[in-house]
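Right, one structure below, let's go through it.
There are 2 protein chains.
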Amino acid sequence: MMLSQTEENYLKAIYSLTYTNSNNVSTTLISEAIKTKASSVTDMIQKLAEKDLVHYKKYQGVSLTKIGQKIAVEIVRKHRLWEVFLVNKLNYNWDEVHQMAEQLEHIKSETLIDKLEAFLEFPTHDPHGDPIPDKEGNIKHHNNTMLSSVETGKSCVVIGIKDSSDPFLKFLDKLQIQLGSILKVISKEPFDNSMLVETETASISISNQISKNLFVKKL
Amino acid sequence: MMLSQTEENYLKAIYSLTYTNSNNVSTTLISEAIKTKASSVTDMIQKLAEKDLVHYKKYQGVSLTKIGQKIAVEIVRKHRLWEVFLVNKLNYNWDEVHQMAEQLEHIKSETLIDKLEAFLEFPTHDPHGDPIPDKEGNIKHHNNTMLSSVETGKSCVVIGIKDSSDPFLKFLDKLQIQLGSILKVISKEPFDNSMLVETETASISISNQISKNLFVKKL
DNA sequence: AAATTAATTTAGATAAGTCTAAAAATAAAT
DNA sequence: ATTTATTTTTAGACTTATCTAAATTAATTT
Ligand SMILES: [Mn+2]
Ligand SMILES: [Mn+2]
Ligand SMILES: [Mn+2]
Ligand SMILES: [Mn+2]
Numbered sequence: 010m011m012l013s014q015t016e017e018n019y020l021k022a023i024y025s026l027t028y029t030n031s032n033n034v035s036t037t038l039i040s041e042a043i044k045t046k047a048s049s050v051t052d053m054i055q056k057l058a059e060k061d062l063v064h065y066k067k068y069q070g071v072s073l074t075k076i077g078q079k080i081a082v083e084i085v086r087k088h089r090l091w092e093v094f095l096v097n098k099l100n101y102n103w104d105e106v107h108q109m110a111e112q113l114e115h116i117k118s119e120t121l122i123d124k125l126e127a128f129l130e131f132p133t134h135d136p137h138g139d140p141i142p143d144k145e146g147n148i149k150h151h152n153n154t155m156l157s158s159v160e161t162g163k164s165c166v167v168i169g170i171k172d173s174s175d176p177f178l179k180f181l182d183k184l185q186i187q188l189g190s191i192l193k194v195i196s197k198e199p200f201d202n203s204m205l206v207e208t209e210t211a212s213i214s215i216s217n218q219i220s221k222n223l224f225v226k227k228l
Numbered sequence: 010m011m012l013s014q015t016e017e018n019y020l021k022a023i024y025s026l027t028y029t030n031s032n033n034v035s036t037t038l039i040s041e042a043i044k045t046k047a048s049s050v051t052d053m054i055q056k057l058a059e060k061d062l063v064h065y066k067k068y069q070g071v072s073l074t075k076i077g078q079k080i081a082v083e084i085v086r087k088h089r090l091w092e093v094f095l096v097n098k099l100n101y102n103w104d105e106v107h108q109m110a111e112q113l114e115h116i117k118s119e120t121l122i123d124k125l126e127a128f129l130e131f132p133t134h135d136p137h138g139d140p141i142p143d144k145e146g147n148i149k150h151h152n153n154t155m156l157s158s159v160e161t162g163k164s165c166v167v168i169g170i171k172d173s174s175d176p177f178l179k180f181l182d183k184l185q186i187q188l189g190s191i192l193k194v195i196s197k198e199p200f201d202n203s204m205l206v207e208t209e210t211a212s213i214s215i216s217n218q219i220s221k222n223l224f225v226k227k228l
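Chains as they are written, first to last, in this note's numbering: chain Y, 10 to 228; chain G, 10 to 228.
This is the structure:
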């Protein structure tokens, strides 16, 4: 099946919205994710339903079919492997690679992404800690532990970022927090749910907005 | 200036046709190169003329403007650097990379191609022996010596392929001829302009069609 | 339960890039 | 110098993906 970049982007959007939101994704939600108008989304999902890539009943939102899901995961796989390439091989910072990966994920080739994966020595996670689906589409999701849920006095390792937006990544850079950073929760402030955290090098105050966006593994 | 992939492809086609053909490229020639109808080409070159990327007078064919040429060379640069990546890093054969490079050459980024160039350690030629333009757009063309013009008894090195089509590249593979191969002309057949050539490993007969397509440097 | 609000879909329009068929201009042949 | 053939351009239509505005359906409030 030969899909346009646009169709691929819709599938990818529906895929990730299915995780962050309900199982049946609404038209408006997609339109916000993809920065189009809701009416355009309706057109497209009808087209995708024609191609059996989504389940769609009028006014009921959409969900991916088996094949639609398979394609979406393939695109996610491509996106994340290209991000690894850009960071590990071309020395980009983790906040610089998303836009390029958005383009590279649409390169069509039967073999390219598997060759790239081998060249990168089969990475398991992208530069933002997101898991990379394997060739068959299997993907191991994070165990949803956020920094905000770590008890006072306990330590943890940063293993992923929930919101990988540029400003947030740059902010983490400034705080010298990266994947693998070890954080110890010193105290929590009930007033605004901020916490005092000890890194390898410093003691910093972290707002709830931030601690809710950091995936960690408790130690 | 933000160009579509299609516009970029037209500029690239005009660029290479300017070399292989006359200075003013005809509509039909472009339409054959780009596999569209002549009427579509007319539409597009009028659009490109609007944007000052080509010089165009009705019925007189087109040529690239300074800025149009600059963009065309940038795309050639990207194409060839990606081909080097695919062959040198991902272990593709030289006959497998063109279609992927056709897509990769359109990836938009201010920095990507320069980073890639550095990662590849500043290659001067692509896998088919074609020169890679530098960051400023300077490009050293082959000194047009073809194998067909080498005198009997003389030796030469293969430095490039004129027609880099898949079948031709595969054929060269079979003959065990590659860039850097040293060929000695044993004899020439006046009847069909074929020649008997000695490689490092064997003695082979080479048709004129082939010897006219191999760039060499005389030794 | 009816009225109001919000979300979704339809209808009609637009832009990019392509096509076919017809018209106009150029080139080649008589 | 005409006629004929070829090339190029125009005109009108189609497809994909988008938009605005209007109509419809669903959800919320009163
Ligand atoms: Mn990304
Ligand atoms: Mn990522
Ligand atoms: Mn190529
Ligand atoms: Mn090449």
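Glycine included, C-beta positions come from ideal geometry on N, C-alpha and C.
Label residue i either buried or exposed according to how many other C-beta atoms from any shown protein chain fall within 10 Å of its C-beta, with 16 as the threshold for buried.
{"i": "Y/A127", "result": "exposed"}
{"i": "Y/S173", "result": "buried"}
{"i": "G/M109", "result": "buried"}
{"i": "G/K46", "result": "exposed"}
{"i": "Y/Y101", "result": "buried"}
{"i": "G/Y229", "result": "In the structure as shown, chain G starts at 10 and stops at 228, and residue 229 of chain G therefore has no counterpart that could be examined."}
{"i": "Y/E92", "result": "buried"}
For residue i, which three-state DSSP category applies?
{"i": "Y/G77", "result": "helix"}
{"i": "Y/F9", "result": "Because residue 9 of chain Y is not part of the residues shown, which for chain Y are 10 to 228, the question remains open."}
{"i": "Y/I43", "result": "helix"}
{"i": "Y/K193", "result": "strand"}
{"i": "Y/L178", "result": "helix"}
{"i": "Y/E145", "result": "coil"}
{"i": "Y/H151", "result": "coil"}
{"i": "G/V106", "result": "coil"}
{"i": "G/M11", "result": "coil"}
Would you grab the beta carbon distance between residue i and residue j for me? Rounded to a whole angstrom, and I think it's under 8 Å.
{"i": "G/M155", "j": "G/S220", "result": "7 Å"}
{"i": "Y/G162", "j": "Y/V82", "result": "So it is not a contact: roughly 39 Å between Cβ atoms."}
{"i": "Y/F94", "j": "Y/L129", "result": "6 Å"}
Alpha carbon to alpha carbon, what distance is there between residue j and residue i?
{"i": "G/E119", "j": "Y/Q112", "result": "14 Å"}
{"i": "Y/L20", "j": "Y/A42", "result": "11 Å"}
{"i": "Y/K226", "j": "Y/T27", "result": "24 Å"}
{"i": "G/H107", "j": "Y/L99", "result": "22 Å"}
{"i": "Y/K218", "j": "Y/F224", "result": "As written in the sequence, residue 218 of chain Y is Gln, which differs from the Lys given in the question. Answer to the nearest angstrom: the Cα atoms are 13 Å apart."}
{"i": "Y/I39", "j": "Y/S48", "result": "11 Å"}
{"i": "Y/A211", "j": "Y/I170", "result": "20 Å"}
{"i": "G/G189", "j": "G/V166", "result": "6 Å"}
{"i": "Y/R86", "j": "Y/D143", "result": "7 Å"}
{"i": "G/L184", "j": "G/I168", "result": "16 Å"}
{"i": "Y/N30", "j": "Y/K79", "result": "19 Å"}
{"i": "Y/L228", "j": "Y/I191", "result": "9 Å"}
{"i": "G/I54", "j": "G/K60", "result": "10 Å"}
{"i": "G/A22", "j": "G/S158", "result": "28 Å"}
{"i": "Y/L73", "j": "Y/E105", "result": "30 Å"}
{"i": "G/K197", "j": "G/E114", "result": "41 Å"}
{"i": "Y/W103", "j": "Y/I84", "result": "19 Å"}
{"i": "Y/N152", "j": "G/I186", "result": "55 Å"}
{"i": "Y/I116", "j": "G/D182", "result": "27 Å"}
Ignore the nearest five residues each way along the sequence and tell me which others in residue i's own chain have a CB closer than 6 Å to its CB.
{"i": "Y/K193", "result": "S164 and E207"}
{"i": "Y/K149", "result": "P140"}
{"i": "Y/I195", "result": "L205 and E207"}
Might you give, ordered along the chain, the residues of its own chain that have their beta carbon closer than 7 Å to the beta carbon of residue i, omitting 5 neighbours on each side?
{"i": "G/R89", "result": "D135, D139 and I141"}
{"i": "Y/T133", "result": "P140 and I141"}
{"i": "G/V96", "result": "W103, V106 and P136"}
Is residue i near ligand 6, with its Cβ less than 7 Å from a heavy atom?
{"i": "Y/S174", "result": "Only ligand 1, ligand 2, ligand 3 and ligand 4 can be found as ligands here, which leaves ligand 6 out of the picture."}
Once the 5 residues before and after residue i are set aside, which same chain residues still bring their CB inside 8 Å of it?
{"i": "G/K124", "result": "none"}
{"i": "Y/K179", "result": "D104"}
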